[in-house]
Structures are given as structure tokens and as C-alpha cells.
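In our numbering, the protein residues as written are 364 to 569. Beta carbons: idealized from backbone N, C-alpha and C, even for Gly. Remember, it's a predicted structure, so these values are computed and weren't measured experimentally. Working notes, structure below.
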Amino acid sequence: MFDAHLRPLIDPPLNAIGRWLTRWGISANAVTLAGLIPALAAAAAIAHGQYLVGLALILVNRLLDGLDGAVARASGLTDFGGYLDTLADYAFYVAVPVAFGLASTANTVPALLLVASFTLTCASFLVFAAIAARRGEETSAHGTKSIFYSTGLAEGGETIAAFVAMCLWPAQFPVIAIGFAALCLLTVIQRSLLARGTFTKRNEAE
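Structure below.
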């Protein structure tokens, strides 16, 4: 929901660093793979109750996630790069709630519900992108991307805010997780209505 509004603020500095990394011969895929290291390390730290360490590693991961896109824009977007970036993002999104579920038995059910809601959100996002691509739909609301990004109530910015809150107040994880799972389900409904309106109008026009 907030991602498109944040792009004008975060893209200029990221793009500058991305151009610098490109001049040094660092590829976007290398940055994406490097970002998996702090992502998995954050999950390991959280699973062992080291929540502030996990938070720091989450922020490092998100910085690298922003930089891989900046490097890709400087060096040229590729289909495999888009695939790898999306896969790495969802590996991160799943790893964090799983880690909280491992950290405490009280978190198990809320973590499962959150992961389930992420799965549905992911499905709605990727299926929308696939159909939009087949129809030739394009959008630049989220910057230049390898795949179509449909706007939703729960996007990257909201997810990171929830993860930060979980790390700062780990005892409140069940409440935060269930609340965010509900927001994800609303996102699925919202995106489904958007898909119905967008794709139905296109069919009627044809």
C-alpha cells in the first residue's frame, strides 16, 4: 500500500549506489544471493531468541534487496534476475515467521496462520502478474520491475514494519501475526476484485 509512495524517496540513493556497484562489475544476481545470507541468519537468530540481532540482519537483507534492483536497473533487467529476486523475497518472508514459531510454542499457531496467509498473498500476486504479462499489461507504480506489480494493502513496506514490530516486542508476536495475517487475507480479496475488474473489462473490450 505504501511501497509506491516510498519509491521516489528510496530510489535515487539506491540507484546511485547501484550504478557504483555496476562499475565494479557486481551483478544484480550476486547481490540477491548475498541478501539470502542475512535473511537466513536473521531467521536463525530469531529462532534462538536473539530478536534484536535478527532485526539488524533483517534490515541488512532489505538494504541488499533494494540494491539488487538498483544494480539491475543500471546494468539491464533480466528475466532470470526477476525470478531469482522474487524467489529470494519469499524465502525471506517465510523464514521470519517460521523462526518465531520455532522460538516459542506459543507462537506456533500464529506463525502457521501467517505463513498460510503469505502463501495466498503470493499466489494472488504471481497469478495476477502472469495473466497481466500475457495480456501485455504494464505498470511503473513500483518502479521498473521484471514482472507486473499489482498494488495491495499488504506489500513489502507493511511486511517489514510488521517484522520490525515482532522483533521489538516479541511477546506480542501472536497478536501482530494474526493481525497481519488478516491484512494479508484482505489483500487477497482486494487483489481478486482488482483482477476481476481489470481482466473482465479487457475481455469485454475484445
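Membership of asparagine 470 in any alpha helix (DSSP H) is not indicated, and neither H nor E is assigned to it by DSSP. For isoleucine 400, the uninterrupted alpha helix (DSSP H) segment begins and ends at 391-410. For the set Ala405, Ala407, Ile389, Thr468, the Cα lying nearest the Cα of alanine 435 is the one of Ile389. Collapsing the DSSP output to three states places tryptophan 387 in coil. Around the beta carbon of phenylalanine 443, fewer than 16 other beta carbons sit within 10 angstroms, so the residue counts as exposed. Taking the CA atoms as reference points, valine 416 sits about 26 Å from threonine 482.
Restricting attention to Ala495, Ala462, Gln413, Ala404, the CA atom closest to the CA of glycine 560 is found in Ala495. No residue range can be given for arginine 498, since it is assigned to no alpha helix (DSSP H) and is classified by DSSP as neither H nor E. In the three-state reduction of the DSSP assignment, glutamate 518 falls in the coil class, being assigned neither a helical nor a strand state. Proline 533 and asparagine 470 have their alpha carbons spaced roughly 10 Å apart.
For leucine 440, there is no enclosing alpha helix (DSSP H), as DSSP marks it with neither H nor E. Counting other Cβ atoms within 10 Å of its Cβ, arginine 425 reaches 16 or more and is therefore classed as buried. Distance from the CA atom of alanine 540 to the CA atom of tryptophan 383, rounded to whole angstroms, is 38 Å.
Here DSSP, grouped into helix, strand and coil, assigns glutamine 413 to coil. Between the alpha carbons of threonine 441 and leucine 447 lies a gap of roughly 10 Å.
Close CB contacts of tyrosine 453 within its chain, under the 7 Å cut and outside five residues either way in sequence, are with Cys485 (chain order). With a threshold of 16 other beta carbon atoms within 10 Å, proline 375 falls short and is exposed.
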